[in-house]
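Heads up: the protein sequence lines correspond to chains A and B, in order. Just so you know, the first sequence maps onto residues 20 to 237 in our numbering. Just so you know, the second sequence maps onto residues 20 to 237 in our numbering. Even for Gly, the Cβ is constructed at its ideal location relative to N, Cα and C. All values reported here derive from a predicted model rather than from experimental measurement. Just below is one structure, and these are the notes that go with it.
There are 2 protein chains.
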Amino acid sequence: MEIKVLHQVMEWNEDVSAGVRDTLRQHKVCLINVMGSPGAGKTSLLTALIERLRAEFAIGVIEGDITGQIDAEKIAALGIPAVQLNTDGACHIEAMSIQHILPQFELDKLDVLFVENIGNLVCPAEFDIGENFRLTVLSIPEGDDKVAKYPLMFTDTDCLALTKCDMLPYFDFDLARVAADYRGVNPEGPLFQLSARTGAGLDELTAHLAGRIRAALG
Amino acid sequence: MEIKVLHQVMEWNEDVSAGVRDTLRQHKVCLINVMGSPGAGKTSLLTALIERLRAEFAIGVIEGDITGQIDAEKIAALGIPAVQLNTDGACHIEAMSIQHILPQFELDKLDVLFVENIGNLVCPAEFDIGENFRLTVLSIPEGDDKVAKYPLMFTDTDCLALTKCDMLPYFDFDLARVAADYRGVNPEGPLFQLSARTGAGLDELTAHLAGRIRAALG
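Okay, here's the thing in structure tokens:
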């Protein structure tokens, strides 16, 4: 019963995500779907990336959260247009929510729209929200078994960022295991090791994303 | 549309969870639902609690995961009856799965059945699986804004364990903020600070759980 229901929701979501993609193509905006567990460091990474990308691209952010606007306030403090999307309990963002929220932005003035998805290593990966590409975030303290245990999030993504790498000395985290598991489910996907706190690895990820954005904007 | 669907699933779940609760009462088994984010340290905590509780109680474990049996193997290595429950993509455990899996255990020989839920700070809190009580796990590296951002998981729980507290020196984590947010949504809920690695705080949580288990078993 539940599987049938999910299937219906996802078919419906597919139609809407195609509409979102059309709208963004018309306005030449590249949408990046950022996903990962609660506390993986998505907002800190986003803040660091915005600082490095904003000279070249006009950026907007949709901050997804169950409730509250803690993260949207952090982004708005950077002088970046930010809209908080509260799912009121739902564990992921669907394309319908993005469709509703797009008119809040002056799309013709944007190049990039980041969506920070709900902190969740499972459900968000199932829903196409009309993104050009996906960035999955995994933090060192979460442990090196996460690719094996939550494969979809690492299979259906365009890029994996390992965050909080400055914490590697304090955790039993086998980088080779994660890299091997990731190659197993996503042979073409690039992997970046970084720390938003120290800045290590951020230039490499920024360069990669800038290339992807330029390609998407044509 | 989606909300209606969820409501149906949850009403159906309620009937089944009452059945699970009846079965466990007949066999005098106390079910504890352990929930938290991916990588919060649920399995490590469970391992540490089993070591401390097994002298008094006969323990079994249901390990919930999307896929694989990494965690069930860790528990079985302790000589504890463990069954792996794979949800094949689903982001939480429902009572129906527990009902199906109970015959795998010799219930008359058990006092306590731990269920380690899927690593997810959102959805599991919505589903009563027939538990006697709930233990929510939040790790220091996840950050001190999690109670505010994912309130249901902290509201609908009987106990909060802050794990990886040996990492407090390395993270900007405001314990007072978490304690205040938790009191705000769950004024009666006890809070324990611990580290499965160093053993700090485990005796206090063990004593609390033992008291709850004795009360549940009558």
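Legend entry - Endpoints, alpha helix (DSSP H) assigned at Q88 of chain B: No alpha helix (DSSP H) contains Q88 of chain B, which DSSP labels as neither H nor E.
Inset, instruction - Report the rounded CA-to-CA distance for K165 of chain B versus K128 of chain B, giving the unit in angstroms. - result: 38 Å
Inset, instruction - Verify the CB distance criterion: does N139 of chain B have a CB-CB separation below 8 Å to chain A? - result: So, interface residue.
Legend entry - Cα-Cα separation, N52 of chain B to V197 of chain A: 29 Å
Legend entry - Inter-residue Cα distance where the pair is D84 of chain A and D163 of chain B: 15 Å
Legend entry - Pairwise C-alpha distance: H46 of chain B and N136 of chain A: Distance between the alpha carbons of N136 of chain A and H46 of chain B is about 43 Å.
Inset, instruction - Could you tell me which of B:G60, B:L72, B:N151, B:E161 sits nearest to F226 of chain B, measuring between CA atoms? - result: The sequence as given places Ala at residue 226 of chain B; Phe does not occur at that position. Among B:G60, B:L72, B:N151, B:E161, the Cα nearest to that of A226 of chain B belongs to B:L72.
Legend entry - beta strand (DSSP E) segment containing M54 of chain A, residue limits: M54 of chain A -> beta strand (DSSP E) spans 49 to 55.
Legend entry - Proximity test, Cβ basis, 8 Å: L171 of chain B and chain A: yes
Legend entry - Beta carbon proximity, I117 of chain A to chain B, threshold 8 Å: No, its Cβ sits nowhere closer than 8 Å to a Cβ of chain B.
Inset, instruction - Please confirm if S36 of chain B has its CB atom under 8 Å from at least one CB of chain A. - result: no
Legend entry - Partner residues on chain B for A195 of chain A, Cβ-Cβ distance less than 7 Å: Those within 7 Å of A195 of chain A in chain B number zero; the least Cβ separation is about 17 Å.
Legend entry - N-terminal and C-terminal residue of the beta strand (DSSP E) that S116 of chain B is part of: Not the beta strand (DSSP E): S116 of chain B falls in the alpha helix (DSSP H), residues 114 to 120.
Inset, instruction - Note down, in chain order, all residues in the segment 152 to 177 of chain A with a beta-carbon under 9 Å from any beta-carbon belonging to chain B. - result: L157, S158, I159, P160, E161, G162, D164, K165, A167, K168, Y169, P170, L171
Inset, instruction - Measure how close the beta-carbons of A114 of chain A and S36 of chain A come, nearest whole angstrom, since I'm counting them as under 8 Å. - result: Indeed, because the Cβ distance is near 4 Å, the residues count as touching under 8 Å.
Legend entry - Nearest-angstrom beta carbon gap, V48 of chain B and L65 of chain B [assumed within contact, 8 Å]: Contact between L65 of chain B and V48 of chain B is ruled out by a C-beta separation of about 17 Å, above the 8 Å threshold.
Legend entry - Inter-stretch contact (C-beta, 8 Å, three-pair minimum) for the segment 175 to 188 of chain A and the segment 213 to 221 of chain A: yes
Inset, instruction - Could you tell me which chain B residues have their CB closer than 7 Å to the CB of Y189 of chain A, listed as they occur along the chain? - result: M186, Y189
Legend entry - Cβ contact (3+ pairs, closer than 8 Å) linking the segment 54 to 61 of chain A and the segment 199 to 212 of chain A: no
Inset, instruction - Out of B:L50, B:I148, B:L181, B:S63, state which residue places its alpha-carbon closest to the alpha-carbon of T155 of chain B. - result: B:L181
Legend entry - Proximity to Q228 of chain A [Cα-Cα], best of A:I78, A:N32, A:M29, A:G38: According to the sequence displayed, residue 228 of chain A carries Leu and not Gln. Taking only the C-alpha atoms, the option nearest L228 of chain A is A:I78.
Legend entry - Contact check, V102 of chain A vs Q123 of chain A, beta carbons under 8 Å: yes
Inset, instruction - Can you give me the Cβ contacts of V204 of chain B inside the same chain, cut-off strictly under 6 Å, excluding the 5 residues immediately before and after it? - result: P170, F173, T174
Inset, instruction - Compare the C-beta of R41 of chain A with all C-beta atoms of chain B and state if any pair is closer than 8 Å. - result: The residue asked about is misnamed: residue 41 of chain A is Asp in this sequence, not Arg. Not an interface residue.
Legend entry - Interface residues of chain A facing G58 of chain B [CB-CB closer than 8 Å]: S56, S158, P160, E161, G162, K165
Inset, instruction - Determine the extent of the beta strand (DSSP E) in which E135 of chain A is found, giving its start and end residues. - result: Where E135 of chain A is concerned, the enclosing beta strand (DSSP E) stretches over 131 to 135.
Inset, instruction - Tell me, please, whether the CB atom of K183 of chain B is closer than 8 Å to any CB atom in chain A? - result: yes
Legend entry - Min CB distance I85 of chain A to chain B below 8 Å: yes
Legend entry - Within chain A, partners of I89 of chain B - CB distance below 9 Å: D164, A167, K168
Inset, instruction - Would you check if the distance between the CB atom of V134 of chain B and the CB atom of E150 of chain B is smaller than 8 Å? - result: yes
Legend entry - Contact under 8 Å by Cβ, I112 of chain A with I69 of chain A: no
Legend entry - chain A contacts from the segment 94 to 110 of chain B (Cβ-Cβ distance under 8 Å): G108, A109, C110
Inset, instruction - Flag this pair as yes or no: are the beta carbons of F152 of chain B and D177 of chain B separated by less than 8 Å? - result: Result yes, Cβ atoms of F152 of chain B and D177 of chain B sit closer than 8 Å.
Inset, instruction - Could you check the C-alpha separation between K23 of chain A and E30 of chain A for me, to the nearest Å? - result: Caution is warranted here: a pLDDT of 45 is assigned to K23 of chain A, below 50, making its placement in the model unreliable, and no coordinate value can be reported.
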